[in-house]
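Notes for the one structure printed next.
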Amino acid sequence: MRPYVAGDRDALYDVCLRTGDSGGDATSLYADGRLPGEVWVGPYVEFEPSLAAVLDDGSGVGGYVLGALDTRVFEARCEREWWPALRRRYAAGSAPEGARDARVIALIHDPPVAPDHVVAEHPSHLHIDLLPKWQGGGWGRRLLEGLFARLAAAGSPGVHLGVGRANTNAIGFYERMGFTVLDDSSADALFLGRRL
């Protein structure tokens, strides 16, 4: 486990893609394999690289954790500095309807906003992804504990994340890490949170 460095970006994009199907490999599901990373990795390593950590055994990056200290500040900065260039690169409606690419492009043009009641006591948020060879050995726990310490040291009282309901392995892991359900109003996803 080590801090993120600028040269890791493409490797993190790759891990994001290879875990993008509810933890499984989504490589065959995207025409443009960079799309998931552009949404769920790029702005975090661009705007808050000091919160990022990676797993690297010398043969390449096998996982990461990313965070945003203040979700509302992060959302606003993405709207100003991250989404505009992507909206020019990925025009609305430029991918076939129903394709994974189309769903992610729609998010670029209309990014989701965390509910107020979620960020009220859990203003920070995170993303974590590990390739299968890194799962089950305590590495996810170590990554999260390190991020929790960095967020708490920066003054955050709590952290949240969104997870697809289909990703039952991840939900179980987060529950074991002390996360509880903050919002279950979506048919597809849950917001989970943990006090720091």
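Letter by letter, the sequence shown follows residues 1 to 196 of full-length UniProt numbering.
Positions of the beta carbon are idealized from the N, C-alpha and C atoms, including for glycine.
State the beta-bridge partners of Thr68 as determined by DSSP.
For the record, residue 68 in the displayed sequence is Ala; it is not Thr. Answer is His125, bridged to Ala68.
Give a yes or no on whether the C-beta atoms belonging to His125 and Ala53 are separated by under 7 Å.
no
I'd like to know whether the C-beta atoms of Gly20 and Pro36 end up nearer to each other than 7 Å.
yes
What is the DSSP secondary structure of Thr168, reduced to helix, strand or coil?
helix
Could you give the residue range of the alpha helix (DSSP H) that holds Asp10?
Arg9 to Arg18
Within the same chain, show all residues whose beta-carbon is closer than 6 Å to that of Trp134, passing over the 5 residues directly before and after it, in chain order.
Leu55, Gly62 and Gly63
Are the beta-carbon atoms of Gly146 and Arg195 separated by less than 7 Å?
no
Starting from Arg103, follow the alpha helix (DSSP H) in both directions and report where the run begins and ends.
Arg100 to His109
If distances are taken between C-alpha atoms only, which option among Ser156, Arg100, Trp40 and Met177 comes closest to Glu121?
Ser156
I'd like to check one pair, Asp70 with Pro115: are the Cβ atoms closer than 7 Å?
no
Check whether the stretch 24 to 41 and the stretch 98 to 118 touch, using three or more Cβ-Cβ pairs below 8 Å as the test.
yes
According to the neighbour-count rule (16 or more other Cβ atoms, all chains shown, within 10 Å of its Cβ), is Asp25 buried or exposed?
exposed
Rounded to the nearest angstrom, what separates Ile171 and Ala187 at their Cα positions?
15 Å
Is the separation between the beta-carbon of His109 and that of Ala92 shorter than 7 Å?
yes
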